[in-house]
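Residue numbers (the working numbering): 14 to 400. Just so it is clear, CB atoms sit at the ideal spot from N, CA and C, and this is done for glycine as well. Just so it is clear, the structure is predicted and the values come from calculations on it, not from any experiment. Just below is one structure, and these are the notes that go with it.
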């Protein structure tokens, strides 16, 4: 994990630790219908509901309510550029966010940093939001909840195909109000059908239905047919959120190893410029350094308006790196040393990494399981292989 960057004090908005994460992996209500849960936005901003905002064509959007025909998208006064600490949610706004997280995504006890970031993205236009929080803290719930509140199309740039598939699976298939697609899985005729689906999406449907697109850097490349489709949707003002997951890879891998990362982020910025309504842009990571933030700011041509920087340490996880010519001996000595002080019946997990799947399955994993068993540890051994 990269070291915490030297970030101005005013950008360190939150330092939370030790509380239960409101992540999607523990959603008990994931089988319930994922309709938007907001009350209908009132035109009088003094009532606590988000006020209407102007669109490029002179009409307006509002937060959607379940079963209502109100216009989509959260609305508020124009974002104050340069401010890293946003105005706190009103009681009504707080209720709207918490209800959406519970009813749409099954999150009963959200973290306060999640609620604040969702509030910034749902009730304020044009904001650049940075969320730096450790793995497992519930970052993925932020763009999903913003999507269910703002409606329209959410674009999430993901660096790994497996990550995109996992996120799409968690956020799709429950109801008719939220559709999720991992775009890279759609090839040939399937790609044509998905493209037709997106191009059939209009303002009327966008009042009621959210679409979340998880996309690789290649899918957001300049010559990609998906990028051409997205430009058409942007011109029609149908995109409501632009999000980057694992934002640190933009610099760490994008400078030399995979330049398509930085091209994709620049193309997201082009989509932003095409939009009549300037939507929020969200970047998230569990491993961020100042150089990564600087690169993101350059590609998006904007510094963050709001930053959540939480406690990044994972004190219950540690790594032992041993250079040895005999992996079996190293595993045996490492497990004996690391777990010698554990009480009986402890439930722990060990990860064995090797370049050989056969070696892991036939010898190393069974060996590690046997060692834990002889120590009285009821743990699991997870093999990770490079082939």
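Contacting residues, own chain, Cβ-Cβ under 6 Å from residue i (five flanking each side not counted)
i, result
"residue 133", "99, 140, 142 and 319"
"residue 393", "362"
"residue 357", "389"
"residue 477", "Because the chain in this structure spans residues 14 to 400, residue 477 falls outside the shown range and cannot be described."
"residue 385", "392"
"residue 310", "316"
Cβ-Cβ distance between residue i and residue j below 8 Å
i, j, result
"residue 291", "residue 197", "no"
"residue 165", "residue 253", "yes"
"residue 273", "residue 231", "yes"
"residue 300", "residue 150", "no"
"residue 391", "residue 297", "no"
"residue 154", "residue 144", "no"
"residue 101", "residue 110", "no"
"residue 245", "residue 212", "yes"
"residue 280", "residue 233", "yes"
"residue 243", "residue 278", "no"
"residue 241", "residue 282", "no"
"residue 125", "residue 163", "no"
DSSP bridge partner residues for residue i (one or two, in chain order)
i, result
"residue 298", "145"
"residue 192", "224"
"residue 393", "362"
"residue 166", "224 and 252"
"residue 257", "170 and 296"
Burial state of residue i (16 or more Cβ within 10 Å)
i, result
"residue 268", "exposed"
"residue 222", "buried"
"residue 195", "buried"
"residue 220", "buried"
"residue 235", "exposed"
"residue 321", "buried"
"residue 106", "buried"
"residue 360", "exposed"
"residue 209", "exposed"
"residue 453", "With the chain represented from 14 up to 400, any question about residue 453 goes unanswered, as that position is not in the structure."
"residue 262", "buried"
"residue 370", "exposed"
"residue 147", "buried"
"residue 128", "buried"
"residue 87", "A caution first: residue 87 carries a pLDDT of 36, below 50, which makes its placement in the model too unreliable to give a value."
"residue 342", "exposed"
"residue 387", "exposed"
"residue 326", "exposed"
Beta-carbon proximity list for residue i, same chain, < 8 Å, skipping 5 on both sides
i, result
"residue 365", "344, 373, 377, 378, 381, 394, 395, 396 and 397"
"residue 215", "249 and 251"
Own chain residues within Cβ distance below 7 Å of residue i, not counting five before or after
i, result
"residue 156", "167, 169, 254, 256 and 295"
"residue 264", "304, 305 and 308"
"residue 266", "274"
"residue 288", "247, 250 and 252"
"residue 96", "With a pLDDT of only 36 at residue 96, under the threshold of 50, the placement of this residue in the model should not be trusted; the figure read from the coordinates follows. 318."
"residue 199", "207"
Any non-hydrogen atom of the ligand NAD closer than 7 Å to residue i Cβ
i, result
"residue 376", "This structure lacks the ligand NAD; in fact it carries no ligand of any kind."
Test: residue i CB closer than 8 Å to a CB of chain C
i, result
"residue 292", "Looking at the structure shown, chain C is missing, and only one protein chain is on hand."
If we require 3 or more residues per run, which beta strand (DSSP E) segments fall completely within the region 271 to 327? 294 to 298 and 319 to 322
Completely contained alpha helix (DSSP H) runs for the region 332 to 356, where each covers 4 or more residues: 340 to 351
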